[in-house]
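See below for the structure under consideration.
Residue numbers (my numbering): 490 to 962.
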């Protein structure tokens, strides 16, 4: 009897949810995947939809932090997109602005950080040099020696009178929130968690995660990129378990846009007005050439309807004439991005993709490889990074645009996660990213299309099955 009631309830909910899913105007593949899951197995599909099916968050807390919203127009050194160095960069800048990002900004010193050893030193340097405040947010804080050293460093500055605020994703850092943040709280630091997995008083899905990685010292210097905090991401000594990753250190007025993102997230997570203090200090020009310090900071997520990172990347790929170089640990694009890369290769653009030989997420690896046959047929060169897990999230388009941040080239980053992207328009920074990419190529093996095409049919079936269900998550 109970089974009959449960089954009947499932089908009733399915009849209610299916029209709602259709009206959400998702990508067709995602719509079909959800409709089939709910219609064929409602007892599983209906609860799964309520748990991970939502895609939007309305930030009713945003009004509490009006100072953050006003910073976009008040920052000095703003650059009109049409004044960026090339047609590609100016078009990207315009698309990003009209999609909700602040205008580009000049007067920055940008240091590209390649590898976990240099990254760990950069993070500690920012923490130890802070005198007024430290704002940090990460998706994952591992419970290991590096995670504990990170907390110890923050606690030390908190005891010295520095205001420390640490924001962690409730799912990605759940163990750290339970086990290692107490010393920071005892030292006077503030710790908040972003999006509880099962909220009691707000509506959202458990899979909408804050994937951003950001540390700001005194509103003057910032660290951001693909690295979380843990010994697999960063370590003072290289070792066999250290992942390959990239980040940037930014000094200058561009830090204000990163500060605005943190304060927005902090207010949303805590439901409190933005913290007081000298959070947006007057910042002198870095002294670098303006063309070398040009950048645009992008916040994307389920609260941003126009998906600015996705639109910026799509625009850059569409306009590329010389090269598109991509390093990403998780490659599961939508059909538009995949076709865009194929078209670029067909018109003679040097399109190269580096992914790890063995991913830490097998289902994502399988889904991504389902795209490889068509990409290589069009002329895209695909490389497998051999030494360890590649976790870099770097794009290089012609000599005009470089992108580094937390966003992968996958559906989750483009449409579900809260992400940060830094679009770099200076030749010096783009050359630095390209040098890192070429270094990674020297440790990678190019995938042979003929050999790859001979993989077993069972593997193909697993790849295509993973691809079908990738839009669900």
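For glycine and all other residues, C-beta sits at the position ideal for the given N, C-alpha and C.
Would you give the residue range spanned by the beta strand (DSSP E) that residue i belongs to?
| i | result |
| --- | --- |
| residue 740 | 735-741 |
| residue 792 | Run containing residue 792: none; DSSP gives neither H nor E here. |
| residue 845 | 839-845 |
| residue 814 | 812-816 |
| residue 703 | 703-706 |
| residue 616 | No beta strand (DSSP E) holds residue 616; the alpha helix (DSSP H) holding it covers 605-618. |
| residue 629 | Looking at the DSSP string, residue 629 is not in any beta strand (DSSP E), and its letter there is neither H nor E. |
Could you check what DSSP says for residue i in three-state terms: helix, strand or coil?
| i | result |
| --- | --- |
| residue 722 | coil |
| residue 551 | Below a pLDDT of 50, predicted positions are generally treated as unreliable, and residue 551, at 47, falls in that range; the measurement from the model is reported next regardless. Here residue 551 sits in helix by DSSP. |
| residue 910 | strand |
| residue 665 | helix |
| residue 899 | strand |
| residue 717 | coil |
| residue 567 | strand |
| residue 932 | coil |
| residue 654 | strand |
| residue 558 | Residue placement at residue 558 is poorly supported in this model, since its pLDDT is 46, which falls under 50; the coordinates are not used for a value here. |
| residue 872 | strand |
| residue 905 | coil |
| residue 951 | helix |
| residue 891 | strand |
| residue 711 | strand |
| residue 679 | strand |
| residue 820 | strand |
| residue 601 | strand |
| residue 594 | strand |
| residue 835 | helix |
| residue 866 | helix |
| residue 699 | strand |
| residue 577 | helix |
| residue 747 | helix |
| residue 585 | helix |
| residue 762 | coil |
| residue 768 | coil |
| residue 684 | coil |
What distance in whole Å lies between the Cβ atoms of residue j and residue i, which are believed to be in contact at a cut-off of 8 Å?
| i | j | result |
| --- | --- | --- |
| residue 628 | residue 738 | About 19 Å separates the two Cβ atoms, so there is no contact after all. |
| residue 759 | residue 736 | With a Cβ gap of about 26 Å, residue 759 and residue 736 do not count as contacting. |
| residue 846 | residue 873 | 4 Å |
| residue 676 | residue 644 | 4 Å |
| residue 789 | residue 908 | 5 Å |
How about residue i and residue j: do their beta carbons lie closer than 7 Å?
| i | j | result |
| --- | --- | --- |
| residue 856 | residue 821 | yes |
| residue 582 | residue 574 | no |
| residue 634 | residue 664 | no |
| residue 642 | residue 660 | no |
| residue 830 | residue 883 | no |
| residue 597 | residue 752 | no |
| residue 896 | residue 798 | yes |
| residue 859 | residue 956 | yes |
| residue 924 | residue 869 | no |
| residue 609 | residue 729 | no |
If you follow the alpha helix (DSSP H) that residue i is part of, which residue opens it and which one closes it?
| i | result |
| --- | --- |
| residue 634 | 634-648 |
| residue 877 | Per DSSP, residue 877 belongs to no alpha helix (DSSP H) and is neither H nor E. |
| residue 782 | Taken as a continuous stretch (DSSP letters only), residue 782 belongs to no alpha helix (DSSP H), as it is neither H nor E. |
| residue 944 | Looking at the DSSP string, residue 944 is not in any alpha helix (DSSP H), and its letter there is neither H nor E. |
| residue 1032 | The shown model of the chain, from 490 to 962, leaves out residue 1032, and the question about it has no answer. |
| residue 852 | 851-858 |
From residue i to residue j, what distance separates their C-alpha atoms?
| i | j | result |
| --- | --- | --- |
| residue 881 | residue 604 | 9 Å |
| residue 577 | residue 678 | 43 Å |
| residue 814 | residue 769 | 35 Å |
| residue 731 | residue 716 | 11 Å |
| residue 852 | residue 911 | 28 Å |
| residue 854 | residue 595 | 38 Å |
| residue 557 | residue 792 | Model confidence at residue 557 stands at a pLDDT of 49, short of 50, so the residue's coordinates are unreliable and nothing is read from them. |
| residue 733 | residue 850 | 16 Å |
| residue 867 | residue 832 | 7 Å |
| residue 588 | residue 795 | 5 Å |
| residue 951 | residue 824 | 19 Å |
| residue 554 | residue 681 | Caution is warranted here: a pLDDT of 44 is assigned to residue 554, below 50, making its placement in the model unreliable, and the coordinate value is therefore given only provisionally. In a straight line, the C-alpha of residue 554 is about 17 Å away from that of residue 681. |
| residue 640 | residue 669 | 7 Å |
| residue 827 | residue 864 | 7 Å |
| residue 748 | residue 887 | 29 Å |
| residue 599 | residue 650 | 28 Å |
| residue 929 | residue 761 | 44 Å |
| residue 954 | residue 743 | 43 Å |
| residue 840 | residue 613 | 36 Å |
| residue 591 | residue 914 | 15 Å |
| residue 646 | residue 618 | 9 Å |
| residue 570 | residue 579 | 5 Å |
| residue 906 | residue 683 | 12 Å |
Sorry if obvious, but does the Cβ on residue i come closer than 6 Å to a heavy atom of the ligand SAH?
| i | result |
| --- | --- |
| residue 597 | The ligand SAH is not part of this structure, which contains no ligands at all. |
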